[in-house]
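Enquirer: Protein chains in written order, with the working numbering: chain Z, 21 to 152; chain H, 177 to 310; chain C, 18 to 662. One structure, as structure tokens, below. Some questions next.
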Amino acid sequence: MDVVAMVLLVGVVGAIILTPLFRRSGFVSLAGPPAPGGQAGRKTADALADLAFDHATGKLTDDDYAALRSKVAAAPAASAAPLSLPAEVVDPLEAEIRAARRLRRSCAGCGTALPQAARFCPACGTPVEGRR
Amino acid sequence: MSRTNRKILAAVVVFVLAGAYLAYNGARSSMAYYLTVGELLDRAAGMRNADVRLSGLVSAGSIARDAIAGTLAFDVTDGTRRLPVRYQGVVPDAFKDGAEVVVEGRFDGQTFTAARLFAKCPSKFEPEDEGEDA
Amino acid sequence: MSEIGALAVVMAFVVSTYGTVMPLHSGLRAVYANALLLGVASTAFLYALLTRDFGNAYVAGYSSRDLGFWYTLSVFWAGQAGSLLFWAAVLAAFSALAVWRLGRLRELIPYAAATLMGTSAFFTMLLTFVSSPFARLPVAPADGAGLNPLLQNAGMFFHPPTQYLGFVGTAVPFAFAVAALVTRHLDDEWIRATRRWTLAAWFFLSWGLIFGMMWAYVELGWGGFWAWDPVENAALLPWLTATAFLHSVMIQEKRDLLKVWNVVLIILTYVLALFGTFLTRSGVLSSVHAFATSSIGPLFFLFILLVLGMSFGLLLTRLGALRSQGELDSLVSRESGFLFNNLIFIGAAFAVFIGTVFPILSEAVSGMKISVGPPFFNQINVPIGLTLLVLMGVCPLLAWRKASPGHLLRSLAVPGVTAVAGAVALLAAGIRQGTALAALTLCVFVTAAIIQDVHRGAMVRRGHGETYAVALGRLVARNPRRYGGYVVHLGIILLFAGMAGSAFGTERDAVLARGQTVTVNQYTLRYEGGGTYTRGERIITEATLTVFENGRLLTIMRPQRNVHTGRDEQAMTEVAIRTTPREDLYVILAGMGDDGRVNLRVIINPLMMWMWIGAGVLTLGTLIAFWPQAAAAAQTRSRRLAEAA
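Here it is as structure tokens:
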């Protein structure tokens, strides 16, 4: 009886743990859906609401309130959640972008500075050599 | 460093200094050597007027209690050596032969006079019990 | 049945290890398998307990045939192997629950699960190789040794499991913090996701402490509820850092500040929870000999060092990314209030920790063990407690970012005046003791400040055309965390008030012959007589006392001093307590002589009842804080208030 129970236990646990390994999608996808873009907006709205509440409950003078309010509304979305992609994916992309930005090219035909992704010069229409 | 940060740092420093002072004061007023029976007997001469916390086991058969006078006498031992203890006050429940005890008080070379008595049950992981002199 | 249990434990160890190193889908399944296995092991263990399987060494060592059902249950956590199994089982259950509920955090979950499984691997390793709850005796005895009578009471039934739920609960936010660090998802996602876990763990840590105090007061019977004992301190330390963490994360959520603080705080909380578990197992502080006899001490110590080292190492590598972009706008703001709050709690934790490990430190430094006593802890923590009271009152009145000083002072006016009135009333009531007076006055101050802030909030809503009652209700429903927090603070205030009472109590010893009396304050106790009788296994020595208050007959009290016969003789004091809102009359029967005279200790403990009421209020506040925010309405409120301003 005991032996049966033990074998059963081992079998059940083995099944629970090992079945995902035999399925196609055995891995947890590491790049999940990106965070909703409204994060930054929500935080700012919340911050403004907090300020309004503080003002309404008598913690701030009208002037202080106005000053803080414009400060919050103007703050860049630096406090927004970063991209919900793991660093291993984002970092090389960022590196590429930075590298690409560093390259500045001029048109072979007219000498105008060329925008990065240009394949034809915007000034004279000459096709651009090199990277796609 | 911005003005705000400097003010905060100043406040923090004040807090820490105040805390350190309180800690030092508190430590000084309650510091006591924590010794086993053997250690105390070895250093008896130097410990004459020092506050000591003595730990050991209650020697089996050495307990003498006067329930009315509230006095308690017993020997505390570390397994090989022993010394006598006198205590006055409420005796904790865990106190009995073989119990682990910690007594706080002074040793005059002969007897240990305890102001406080803590007892723990002989087996591990059981609650500690405390008794105090008035 | 025992073999199944033992097998389940070994398998749990294997599965936990697997789950630690395989953070893929199979690894997550391991979390569930682990929970299943430890569930099986716990069931097998309970079966052994309830069927009195004395072939099991643990069952034989801690229970007996005549032990009642509930106490037999409590044997589960009475000894080392059983309590380790309990810890592991709770951890397994929490891990499974966390993975199930938080599985949507696809990037964090693998590493969080791995962290939880790593801990589980350690505990199941101990259970398999060091301290097995299923070890058999070569010959099964006819009856077990029985449970120490000191443990046969409600306190010992509730206190350990609650404490463990608290300790283990801190593992989940910790695991997600580690995951956040590893994956560099250093925003507040992990905090928001584990908020309820943190709250629940904090709640159980609080009740672990409260049960402990209740038990010490009522059962251990020496007149007090806290002695700064190393084991007590071990439970207090994670509570202190958890409270700081609970507050500090709000700042990260709102302002993206204090990120490094938050990671440090959760690491400390978890490590201190492990440390607390370690302290109560290994006896390292009371005696070095006990520490060395079982290998559990050194193993635990190594594990704690490993966790500490790896967490802080990981933190150091992410330090740059964690540094906040913003900074504090002003010294006088809610943010800086929270920062001070962090500092104070850390300071208290540091002081308690140092005081607790002082003997070990001093031995390392000077070769002699030196310990510090309650005066050390009280000297540090009483001012800290008072400072916390001040913060509790002032912080809600501070605005975010930068408070207007003039308005702040205006906000403090009413609470301040109320506090002064309170102080006058206290003095009139005869309370002169400095610390108690300060603490109680501050309690009045904080209560007034909280009521004022809630009232103002309700009034703002009333401006939108709601009745006061509806306004109040909606106010709380829109922000249950904040107002639940206020209620918790009210609970803490009552607890502090109860503690303040112990600063001006009275104590008197007396030896009485029959008919003699002792007078303490307004009470007169007359010893009517006493005797000894047997009830079952207990020899009960009881004294009957008639109590008069200002001459008027009040009640009869019967303190006892019992002896449990059985394998060992065990003394048990049953104190007699009479509780009123104003004070507790507490009588200890220290001894009864052969001539029938009794040695009594009579203690007056002012305000004790408020501590237990405070515990209830704290529970209510936690429940409110747990409540989900009325979501859609919150958006409307945000929008409406932003537009109106």
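The beta carbon of each residue, even a glycine, is placed where N, CA and C say it ideally should be.
1) Rounded to the nearest angstrom, how far is the Cβ of H:LEU293 from that of H:VAL277, given a contact under 8 Å?
2) Does C:VAL31 get closer than 8 Å to chain H when you measure Cβ to Cβ?
3) Using a Cβ-Cβ cutoff of less than 7 Å, which residues in the same chain neighbour C:LEU182 once the five nearest sequence positions on both sides are dropped?
4) What separation, rounded to the nearest whole angstrom, lies between the Cα atoms of C:ARG213 and C:GLY72?
5) According to the neighbour-count rule (16 or more other Cβ atoms, all chains shown, within 10 Å of its Cβ), is H:TYR200 buried or exposed?
6) I need the DSSP call for H:GLY281, collapsed to helix, strand or coil.
7) Starting from the Cα of C:TRP104, find the closest Cα among C:PRO177, C:PRO166, C:PHE643 and C:ASP70 and give me that residue.
8) Would you mind working out which of Z:ALA115, Z:LEU68 and Z:PRO112 sits nearest Z:ALA94, comparing C-alpha positions?
9) According to DSSP, simplified to helix, strand and coil, what is C:PRO623?
10) Just by C-beta distance, which residues in the region 417-437 of chain C are closer than 9 Å to chain Z?
11) Evaluate C:ALA446 with the Cβ neighbour count: other Cβ atoms within 10 Å of its Cβ, from every protein chain shown; 16 or more gives buried, anything less gives exposed.
12) Thinking C-alpha only, which one of C:ARG46, C:GLY44, C:MET39 and C:LEU54 is nearest C:ALA29?
13) So what's C:GLU20 in DSSP terms, helix, strand or just coil?
14) Assuming C:TYR540 and C:PHE565 make a contact with CB atoms under 8 Å, what is their CB distance in whole Å?
15) Measure the C-alpha to C-alpha separation of C:GLY613 and C:ILE557 and round it to an integer number of angstroms.
16) Are the CB atoms of C:LEU408 and C:PHE362 within a distance shorter than 8 Å?
17) Of all the beta strand (DSSP E) runs that stay within the bounds of the region 565-622 of chain C, which reach a length of 3 or more residues?
18) Could you name each continuous alpha helix (DSSP H) segment of 4 residues or more that falls completely within the region 172-219 of chain C, going from the start of the chain to the end?
19) Would you mind stating whether H:GLY214 and H:ASP254 have Cβ atoms separated by less than 8 Å?
20) Cα-Cα, which of Z:PRO112, Z:THR146, Z:GLU114 and Z:LEU113 is closest to Z:CYS127?
21) Let's test the definition: count the other Cβ atoms within 10 Å of the Cβ of H:GLN286 and tell me whether it reaches 16, buried, or not, exposed.
22) What residues of chain C sit near H:TYR210, judged by a beta carbon separation below 7 Å?
23) Take the Cβ of C:ALA25 as the centre, count every other Cβ of all protein chains shown within 10 Å, and call the residue buried at 16 or more, exposed below.
24) Buried or exposed: Z:GLU114, going by 16 or more other Cβ atoms within 10 Å of its Cβ?
25) Taking 8 Å as the threshold, find out whether the region 367-387 of chain C comes into contact with the region 442-459 of chain C through three or more Cβ pairs.
26) Using the Cβ count rule (16 or more neighbours within 10 Å means buried), how would you classify C:GLY638?
27) May I have the straight-line CA-CA distance separating C:LEU489 from Z:ASP70, to the nearest angstrom?
28) The alpha helix (DSSP H) that contains Z:PHE42, what's its start and end?
29) So, using beta-carbon positions, are C:LEU254 and C:GLY293 closer together than 8 Å?
30) Tell me which same chain residues have a C-beta within less than 8 Å of the C-beta of C:ASN359, skipping the five on either side of it?
31) Within the 8 Å Cβ cut-off, does C:ILE21 reach chain Z?
32) Determine which residues share a DSSP beta bridge with C:GLU554 and list them.
33) Closest Cβ-Cβ distance between Z:VAL27 and chain C: below 8 Å?
34) State the DSSP-derived secondary structure class of H:ASN181, mapped to helix, strand or coil.
35) Going by the CB atoms, is the gap between H:ARG229 and H:TYR209 shorter than 8 Å?
36) Leaving out five residues before and five after C:THR145 in sequence, what residues of the same chain have Cβ atoms less than 7 Å from its Cβ?
Expert: Working from what's here:
1) Separation of the CB atoms of H:LEU293 and H:VAL277 is rounded to 7 Å, and the pair is thereby assigned contact status at 8 Å.
2) no
3) VAL107 and PHE221
4) 42 Å
5) exposed
6) strand
7) C:PRO177
8) Ranking the options by Cα distance to Z:ALA94, first place goes to Z:LEU68.
9) strand
10) TRP417, ARG418, LYS419, ALA420, SER421, GLY423, HIS424, LEU425, ARG427 and SER428
11) The residue in question, C:ALA446, is exposed, as its Cβ has fewer than 16 Cβ neighbours within 10 Å.
12) Checking every option, the nearest Cα to that of C:ALA29 belongs to C:LEU54.
13) helix
14) 7 Å
15) 14 Å
16) no
17) 569-574, 577-581, 587-591, 593-596 and 600-609
18) 188-200 and 206-210
19) Contact: yes.
20) Taking only the C-alpha atoms, the option nearest Z:CYS127 is Z:THR146.
21) exposed
22) Using a Cβ-Cβ cut-off of 7 Å, H:TYR210 is close to PRO376, LYS386, ILE387 and SER388 of chain C, given in chain order.
23) buried
24) Looking at its Cβ environment, which holds fewer than 16 other Cβ atoms inside 10 Å, Z:GLU114 is exposed.
25) no
26) Buried: at least 16 other Cβ atoms inside 10 Å.
27) One C-alpha to the other measures close to 17 Å.
28) 22-42
29) yes
30) ALA261, HIS264, SER265, LEU275, TRP278 and LEU282, listed in sequence order.
31) yes
32) Per DSSP, none; premise fails for C:GLU554.
33) no
34) Here H:ASN181 sits in helix by DSSP.
35) yes
36) VAL26, VAL27 and PHE30
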